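All remarks here apply to the structure that follows.
Protein chains in written order, with my numbering: chain A, 1 to 331; chain B, 332 to 490.
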């Protein structure tokens with residue numbers, strides 16, 4: 001078959017009027033094999049990771065140049081935004097600041113109390129995490145995956161496996177780190193899994209991205225599972241990657257599916273997975289690395305009531321797990 | 332003249348690459364034509380002595396890098412497309428405008444189908460028929476370029 005095709009093509013160009021080197025078919029075969037070899041070595045053997053890093057660094061200035069017009073436009077519109085809108089925004093922010101500072105005060109009190117209790121119980125000290133603010137450079141260009149590029153990288157001490165959150169909840173995890181930027185896989189990508197908990201009853205599960213539409217899946221939950229419309233999913237924190245208690249998604253719809261033994265439920269991500277620019281990269285929770293409480297979300301407060309019930313189960317693996325699980329989730 | 336043409340070629344490739352790097356999002360990302368492939372097809376048709384299947388492969392690698400994908404995916408898709416473009420390049424002189432458009436459209440489709448096959452092998456999910464929009468918008472862009480007076484070869488044109 002290939003030979004026949006080859007002959008046919010040869011005939012087409014039979015009288016070589018100009019010398020043009022090897023025939024297109026030979027070139028096709030050569031470069032196809034080369035591409036396949038590249039694909040195999042990149043995806044399976046990971047030989048090209050360092051090369052990609054250096055090439056990406058060379059590309060970075062070009063990327064910034066390409067982003068410049070949009071940046072300029074944003075800056076200009078910001079500059080010319082009217083007095084009124086600024087005032088109202090300021091007022092809103094003040095209001096939110098007030099509410100959050102009240103929540104924060106409560107949080108500090110509760111944290112102190114919690115630490116005290118833990119000492120009394122001779123339990124391990126709760127894990128702490130630090131964070132780096134970042135901005136999204138652009139969304140991924142591959143239509144088959146859900147990824148974004150952020151403007152913080154190796155030079156800013158970003159490590160693969162760190163969680164990325166915005167004001168409303170978790171948006172993803174850092175999967176590739178370049179010197180000046182890093183790639184974040186969003187929670188709606190099929191390859192990302194994260195351990196979650198239903199806020200209302202503490203039920204634990206693992207959430208996967210759905211891929212096609214921007215929703216999240218909780219596969220393999222029994223059909224009679226205790227989940228209601230409007231329930232909130234939060235990170236459970238037992239993986240040692242994500243800080244506990246960050247909002248992940250809310251239940252949007254429960255589909256009755258008599259054909260499967262599993263529940264079919266549609267979850268919508270809580271974080272603005274596709275519409276925020278500013279994000280926070282949160283390091284893996286570590287013992288002892290004390291920093292100012294990085295996340296001032298009221299979510300954390302709500303969870304404290306649900307926690308004592310599962311403390312016993314989650315404590316023993318906390319110390320053993322963190323090293324391993326970071327890689328497993330990135331895959 | 333070749334030097335001058337070569338300069339134009341490099342410049343157009345750089346321009347295509349820059350427009351690829353623009354921060355596209357949401358709907359714009361869905362309809363964004365494959366600038367790099369369009370430029371490549373243009374040069375494969377117009378100056379087959381300057382670029383060939385190997386050029387397509389190199390440009391494909393560049394796009395792979397920019398897209399943050401596994402190396403070799405766009406490279407393979409572009410290589411196959413370039414093969415078809417080069418093979419039928421000499422017939423193009425006889426094509427009318429509409430025929431040329433169809434030809435370009437099928438080339439764009441070949442590249443997208445190749446990419447879809449590779450991605451499906453790698454475990455990706457088909458995102459629906461909207462996936463093929465870039466081919467359509469690419470042809471529109473080609474038509475626009477022709478309308479603006481770009482000489483893309485073909486019958487009734489001074490070569």
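Even glycine gets a Cβ: it sits at the ideal position worked out from N, Cα and C. Remember, predicted model here, so these are calculated numbers, not experimental data.
CB residue i to CB residue j, shorter than 9 Å?
i, j, result
"residue 369 of chain B", "residue 469 of chain B", "yes"
"residue 148 of chain A", "residue 160 of chain A", "no"
"residue 200 of chain A", "residue 228 of chain A", "yes"
"residue 387 of chain B", "residue 80 of chain A", "no"
"residue 135 of chain A", "residue 283 of chain A", "no"
"residue 207 of chain A", "residue 222 of chain A", "no"
"residue 139 of chain A", "residue 360 of chain B", "yes"
"residue 163 of chain A", "residue 268 of chain A", "no"
"residue 216 of chain A", "residue 232 of chain A", "no"
"residue 446 of chain B", "residue 404 of chain B", "yes"
"residue 376 of chain B", "residue 408 of chain B", "no"
"residue 349 of chain B", "residue 137 of chain A", "no"
What residue from the options has the CA that sits closest to residue i's CA?
i, options, result
"residue 212 of chain A", "A/182, A/157 and A/144", "A/144"
"residue 406 of chain B", "B/339, B/458, B/392 and B/481", "B/392"
"residue 346 of chain B", "B/366, B/456, B/474 and B/438", "B/366"
"residue 188 of chain A", "A/248, A/198 and A/132", "A/248"
"residue 179 of chain A", "A/99, A/106, A/71 and A/156", "A/156"
"residue 235 of chain A", "A/252, A/285 and A/255", "A/285"
"residue 357 of chain B", "B/462, B/453, B/467 and B/343", "B/462"
"residue 371 of chain B", "B/430, B/420, B/459 and B/428", "B/420"
"residue 142 of chain A", "B/410, B/341, B/354 and B/377", "B/354"
"residue 425 of chain B", "B/338, B/413 and B/483", "B/483"
"residue 158 of chain A", "A/258, A/166, A/146 and A/183", "A/183"
"residue 378 of chain B", "B/343, B/434, B/336 and B/397", "B/336"
"residue 28 of chain A", "B/448, B/440 and B/412", "B/412"
"residue 224 of chain A", "A/191, A/256 and A/66", "A/256"
"residue 241 of chain A", "A/64, A/63, A/54 and A/131", "A/131"
"residue 433 of chain B", "B/467, B/385 and B/401", "B/467"
"residue 193 of chain A", "A/168, A/202 and A/219", "A/219"
"residue 246 of chain A", "A/106, A/172 and A/181", "A/172"
"residue 277 of chain A", "A/175, A/262, A/210 and A/70", "A/70"
"residue 36 of chain A", "B/342, B/453 and B/459", "B/453"
Within 9 Å of any Cβ in chain B, is that where the Cβ of residue i sits?
i, result
"residue 183 of chain A", "yes"
"residue 159 of chain A", "no"
"residue 96 of chain A", "no"
"residue 259 of chain A", "no"
"residue 269 of chain A", "no"
"residue 374 of chain A", "This structure does not reach residue 374 of chain A, given that chain A is present from 1 up to 331, and the question cannot be answered."
"residue 4 of chain A", "no"
"residue 152 of chain A", "no"
"residue 24 of chain A", "yes"
"residue 190 of chain A", "yes"
"residue 264 of chain A", "no"
Grab the span of the beta strand (DSSP E) containing residue i for me, first residue to last.
i, result
"residue 381 of chain B", "No beta strand (DSSP E) holds residue 381 of chain B; DSSP gives it neither H nor E."
"residue 204 of chain A", "204-209"
Cβ of residue i less than 9 Å from any chain A Cβ?
i, result
"residue 332 of chain B", "Low confidence applies to residue 332 of chain B: its pLDDT is 48, below 50, so where it sits in the model is not reliable, and the reading given next is rough at best. It does not: the Cβ of residue 332 of chain B has no partner Cβ on chain A nearer than 9 Å."
"residue 462 of chain B", "yes"
"residue 435 of chain B", "no"
"residue 490 of chain B", "With a pLDDT of only 41 at residue 490 of chain B, under the threshold of 50, the placement of this residue in the model should not be trusted; the figure read from the coordinates follows. By this cut-off, residue 490 of chain B is not an interface position."
"residue 339 of chain B", "no"
"residue 336 of chain B", "no"
"residue 374 of chain B", "no"
"residue 414 of chain B", "yes"
"residue 482 of chain B", "no"
"residue 367 of chain B", "no"
"residue 430 of chain B", "no"
"residue 390 of chain B", "no"
"residue 343 of chain B", "no"
"residue 353 of chain B", "yes"
"residue 455 of chain B", "yes"
"residue 398 of chain B", "yes"
"residue 411 of chain B", "yes"
"residue 472 of chain B", "no"
Let's see if you can read the secondary structure: which residues bound the alpha helix (DSSP H) around residue i?
i, result
"residue 428 of chain B", "428-452"
"residue 402 of chain B", "It is not in any alpha helix (DSSP H) - residue 402 of chain B carries neither H nor E in the DSSP assignment."
"residue 102 of chain A", "83-121"
"residue 25 of chain A", "24-40"
"residue 168 of chain A", "Note, residue 168 of chain A: premise wrong, no alpha helix (DSSP H); not H, not E."
"residue 285 of chain A", "Looking at the DSSP string, residue 285 of chain A is not in any alpha helix (DSSP H), and its letter there is neither H nor E."
"residue 59 of chain A", "49-79"
State the beta-bridge partners of residue i as determined by DSSP.
i, result
"residue 349 of chain A", "This structure cannot settle anything about residue 349 of chain A, because the visible part of chain A is limited to 1 through 331."
"residue 249 of chain A", "A/233 and A/269"
"residue 147 of chain A", "A/185"
"residue 279 of chain A", "A/134"
"residue 193 of chain A", "A/208"
"residue 264 of chain A", "A/255"
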